[in-house]
Structures are given as C-alpha cells and as structure tokens.
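Student: Letter 16 of the sequence shown, counting from 1, is numbered 15 in numbering that gives the first Met the number 0, and no numbers are missing.
Before anything else, here's the structure in question.
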Amino acid sequence: MTMYLTRFSYTPETWKRLIANPEDRRKAATAYVESVGGKLHGFWYAYGSHDGLTLWEAPDNVSMAAVVLAIGSGGAVTNLETTVLLTVEEAMEAMGKAQGISYRPPAAS
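Written as structure tokens, this is what we have:
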C-alpha cells in the first residue's frame with residue numbers, strides 16, 4: 000500500500016467547537032481511512048502554516064482521494080494538502096528511469 004502525508008488547518012469555527020468540547024480526532028480519521036481499506040499511522044497537531052498532519056496508507060490514489068474529498072467537503076478544515084510518499088526504493092527506481100529521459104528546458108535550443 001502507498002503512504003500519504005496530509006496537512007490540514009481547522010477553520011476558526013472548528014477550533015471553537017473543539018475548545019468547547021475537546022475530541023480525539025484520531026478516531027474519526029481512523030474510521031475514514033479504514034473505510035477504504037487503509038490504515039492511520041499517525042495524527043499530530045502543529046504550529047505553523049498547518050494545524051495538523053496525518054500519516055496514513057491506502058490501497059491506491061483513488062481510495063485516498065476519496066477520503067480527502069470526504070474530509071474536505073465537510074467544511075471543518077481548510078488548507079488541506081495530501082502528498083503521496085515514495086519509499087527510498089521507489090525513488091531510486093524513478094531516478095533510474097529518469098536516466099533514460101532526455102529533458103529539454105523551455106525555449107532551449
């Protein structure tokens with residue numbers, strides 16, 4: 000299965016609700032990804048450009064996209080970004096394949 004890193008921010012209204020009624024959102028995140036055959040590996044809150052991060056795996060990009068679309072459509076998060084993560088072996092395989100690609104920069108002769 001493929002690993003994914005999702006970064007998100009809560010809306011001010013979501014923070015207001017969580018402050019009034021603190022909730023462990025790992026349970027919800029686990030249910031979302033397990034519904035497509037995946038697994039939550041971690042859920043963290045952060046200070047910076049995003050309020051939180053999740054690390055999860057899913058069987059394929061379509062399944063993970065479905066999870067992210069469902070979360071994003073709920074209106075509680077903003078700045079939702081998901082990155083597909085490659086293993087070192089996958090990155091090395093890509094580097095090997097890149098050797099056979101002849102790239103020409105735009106407007107280069």
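The C-beta atom is built at its ideal place from N, Cα and C for all residues, glycine as well.
1) Looking at C-alpha atoms only, which residue of W14, I100 and T86 is the closest neighbour of T1?
2) Using C-beta distances below 8 Å, list every residue in its chain close to Y9, excluding the 5 sequence neighbours before and after it, in chain order.
3) Does the ligand HEM have even one heavy atom less than 7 Å from the beta-carbon of S34?
4) According to the neighbour-count rule (16 or more other Cβ atoms, all chains shown, within 10 Å of its Cβ), is T82 buried or exposed?
5) Out of A69, V61 and G73, state which residue places its alpha-carbon closest to the alpha-carbon of E113.
6) Between which two residues does the beta strand (DSSP E) carrying M2 extend?
7) Could you check where the alpha helix (DSSP H) with N60 kicks off and where it finishes?
Tutor: Looking at the coordinates:
1) Counted from its first residue, the sequence shown places residue 1 at position 2. T1 has its Cα closest to that of T86, out of W14, I100 and T86.
2) Here residue 9 refers to the residue found at position 10 of the sequence shown. Around Y9: L17, D50, G51, A75, V76 and T77.
3) The ligand HEM is absent from the structure shown, which contains no ligands of any kind.
4) Position 83 of the sequence shown, counted from the first residue, corresponds to residue 82. Flag for T82 reads exposed.
5) The requested residue 113 does not occur in the structure, where the chain is confined to residues 0 to 108.
6) The sequence position of residue 2 within the sequence shown is 3, counting from 1. Segment T1 to Y9, the beta strand (DSSP E) holding M2.
7) As a first step, residue 60 is located in the sequence shown; it is residue number 61 there, counting from the start. Run containing N60: N60 to S72, per the alpha helix (DSSP H) assignment.
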